[in-house]
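To keep things clear, I will list the structure first and then write my remarks on it.
Residue numbers (the working numbering): 3 to 273.
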């Protein structure tokens with residue numbers, strides 16, 4: 003079969019996965035999460051969405067970006083996310099050396115994109131997605147090279163331990179100087195676990211680049227958006243207005259590096 007047919011198949015499959023990821027992002031970011039097994043419905047009128055209105059990308063244009071029943075606007079994020087996943091599906095298939103490698107790369111990218119969207123919307127990282135990242139990285143390493151499996155387990159453990167100590171120390175310092183309350187934390191536990199999960203999926207010598215790129219992109223976004231820099235104490239924690247969570251930028255940096263390793267293997271760092 004011609005390569006273009008396989009690439010097209012991978013792109014269409016990726017777009018379908020992107021449609022499912024839209025559902026995952028929407029439901030896991032809610033205050034009261036809904037089962038992923040329930041039928042898709044309009045958030046405004048709650049009418050069940052027919053299967054022919056769920057065709058990736060195409061349905062959004064046919065419906066002119068509105069619900070068929072109540073005409074409420076449907077966010078442009080949904081078709082763009084499906085298109086992005088279609089492109090990533092094609093890239094992963096075209097540049098991988100085997101179907102297993104393509105599946106591993108696409109799964110990493112899908113989970114990281116989902117984590118970034120949910121963290122951006124809800125300031126939280128679902129443990130189910132982090133677990134998926136760990137299982138994907140460790141599972142692929144176990145099949146590809148057992149020595150790689152032990153390396154990834156060790157590096158992920160070291161990364162989590164280091165940043166856990168850093169988090170506890172930073173929290174202690176902030177409490178001492180009065181920046182946060184006695185029951186508050188300087189940073190959530192989601193970010194250290196996310197970095198450990200990223201370590202389970204990337205070569206160890208790229209992890210410093212994840213932190214560097216993530217920090218730089220976060221700093222650039224902080225400067226570009228109007229952000230309230232002053233901290234105001236509250237009984238229940240809520241993010242500063244306009245602030246952006248670190249997990250978004252760690253995920254973005256890991257996505258960029260994963261694509262670089264996949265598409266430009268001759269230009270990647272060697273361990």
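Positions of the beta carbon are idealized from the N, C-alpha and C atoms, including for glycine.
- In the DSSP assignment, residue 68 forms a beta bridge with 75.
- Residue 76 sits close to residue 62, with the two beta carbons spaced by under 8 angstroms.
- In the DSSP annotation of this structure, the continuous segment of the alpha helix (DSSP H) that includes residue 140 starts and ends at 129-146.
- Note on residue 267: under 16 other CB atoms within 10 angstroms of its CB, so exposed under the neighbour-count rule.
- Under the DSSP assignment, residue 119 falls in the alpha helix (DSSP H) whose first and last residues are 101-124.
- Residue 17 sits close to residue 85, with the two beta carbons spaced by under 8 angstroms.
- The beta carbon of residue 132 lies closer than 8 angstroms to those of 117, 192, 195, 196 and 199 in the same chain, with the five residues before and after it left out.
- C-alpha of residue 253 to C-alpha of residue 113: approximately 9 angstroms in a straight line.
- Rounded to the nearest whole angstrom, the C-alpha separation of residue 257 and residue 219 is 13 angstroms.
- Distances from the alpha-carbon of residue 10 to those of 156, 263, 96 and 209 put 96 closest.
- By alpha-carbon distance to residue 23, the top candidate from 163, 123, 80 and 216 is 80.
- Just measuring C-alpha positions, the residue of 88, 124, 123 and 125 sitting nearest residue 109 is 88.
- Taking the Cα positions, residue 26 is about 16 angstroms away from residue 57.
- Around the beta-carbon of residue 94, 16 or more other beta-carbon atoms lie within 10 Å, marking it buried.
- Take residue 153, set aside five residues on each side of it, and the residues of its chain with a beta-carbon closer than 8 angstroms to its own are 143 and 206, in chain order.
- Residue pairing by DSSP places residue 50 opposite 43 in a beta bridge.
- Residue burial annotation: residue 251 is buried, with at least 16 other C-beta atoms found within 10 angstroms of its C-beta.
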